[in-house]
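Worksheet for the structure shown next.
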Amino acid sequence: MKNEKLLKKIGGIPTRYYPIFKGAKMDIDELDQHLLSWTKRLKQENQNLLNAALSSIKSAFPFNEYEHRIAFFLNRGVISFDEYKKLRDNYVGSNQYLELYGLAPRVFGDIWCKEHLIGIDQRFKEPSKKLDPKYDGEYDLWLNGIKIEVKAGRATKTKERGAVTSKAIPYKSEKPFWINMQQIKLDICDVFILIGVWTDRICYWVLSNDEVKNHSEISHQHRGGIEYQIGITERNVREFDKYLVEPTKLVDTILEKVK
């Protein structure tokens, strides 16, 4: 139910509808530092009370340790509502795609990415036997006879454990990250669209079947299997810049690649 509500909220919204955030950028680590600075404004006895509460706190969406800390700061008068609102606006504006990290893997990879692309350009179509009599579920999108496979992955910190949302990372972070494009099947589609998601940016890479097949980063997903994978990290992400496409240029780029 949670995934369905979240998907309904963000599923088909084209990237171009999101304004570029102009405020101070803030990731989860910077948020923690900011809250720590507010904790230090408290009297020592209140710091002890807060730390004791946090050590045994139980969370259930949408209530968690962040909500508890901020409510405590407001209650003790160490921050104003305006300070809270500024912090909230900065964090939300810096992490406009963080909600995508909360989607279940299958919902994110099989449903969201296709609806998202169709929302960007309605020339993308869900394939069917009416469009392609030979279609049997082997690719994701149809564009004027062009078969398109869509792969999407979320950038996560490689040196941290925890839930996917806790490992989410902004685009310009210097921390090591990993995006794994899995279950790639070669020689079925004409073009691949790879979608990389960060907390503050979505990247679209368009590659032909041959470009994927011959790419230096492709490897077998399982030994002896027919599926492949491509790993994108902080070390090789610049190698994909030549395939990077603005969302409004996706269709034109695909048509150019299959001339």
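With our numbering applied, the sequence shown covers 31 to 289.
Built from N, CA and C at the ideal position, the CB exists for glycine as well.
For the region 196-233, the continuous beta strand (DSSP E) assignments of 3+ residues that do not extend past its boundaries occur at 207-214 and 221-227, in sequence order. Between residue 230 and residue 206, the CB-CB gap reaches or exceeds 8 Å. Rounded to whole angstroms, the Cβ separation of residue 288 and residue 234 is 17 Å, and the two are not in contact under 8 Å.
The three-state secondary structure of residue 134, taken from DSSP, is coil. Taking a contact as a CB-CB distance under 8 Å, the pair residue 169 and residue 218 counts as one, their CB atoms being some 6 Å apart. The secondary-structure analysis by DSSP pairs residue 249 across a beta bridge with 259. One alpha carbon belongs to residue 120, the other to residue 180, and they sit about 32 Å apart. If you draw a straight line from the Cα of residue 237 to the Cα of residue 191, it comes to about 32 Å. Sequence-distant partners of residue 131 (beyond 5 residues in either direction) whose C-beta falls short of 6 Å from its own C-beta, in its chain, are 184, 194, 195 and 198. Counting only runs of at least 4 residues, the region 145-192 fully encloses no alpha helix (DSSP H) element at all. One alpha carbon belongs to residue 140, the other to residue 80, and they sit about 42 Å apart.
Residue 72 sits in coil when the DSSP states are folded into three classes, being neither helix nor strand. Residue 95: member of the alpha helix (DSSP H) spanning 95-106, first to last residue.
Counting C-beta atoms within 10 angstroms of its own C-beta, residue 268 has fewer than 16 neighbours from the protein chains shown and is therefore classed as exposed. In this structure, the CA atom of residue 127 is about 7 Å from the CA atom of residue 228. According to DSSP, residue pairing for residue 236 in a beta bridge involves 223. Counting other Cβ atoms within 10 Å of its Cβ, residue 124 reaches 16 or more and is therefore classed as buried.
No Cβ-Cβ contact shorter than 8 Å links residue 221 with residue 260. Going by DSSP, residue 113 is part of the alpha helix (DSSP H) stretching over 111-124.
For residue 280, the uninterrupted alpha helix (DSSP H) run begins and ends at 280-287, by DSSP.
Residue 95 places its beta carbon 8 Å or farther from that of residue 104. Taking a 10 Å sphere around the C-beta of residue 188, we find fewer than 16 other C-beta atoms and assign the residue as exposed. With a threshold of 16 other beta carbon atoms within 10 Å, residue 250 falls short and is exposed. By the C-beta density criterion, residue 265 is exposed, having fewer than 16 other C-beta atoms within 10 angstroms. Listed in chain order, the non-local C-beta contacts of residue 99 below 6 Å within the same chain comprise 65, local neighbours out to five positions each way being set aside.
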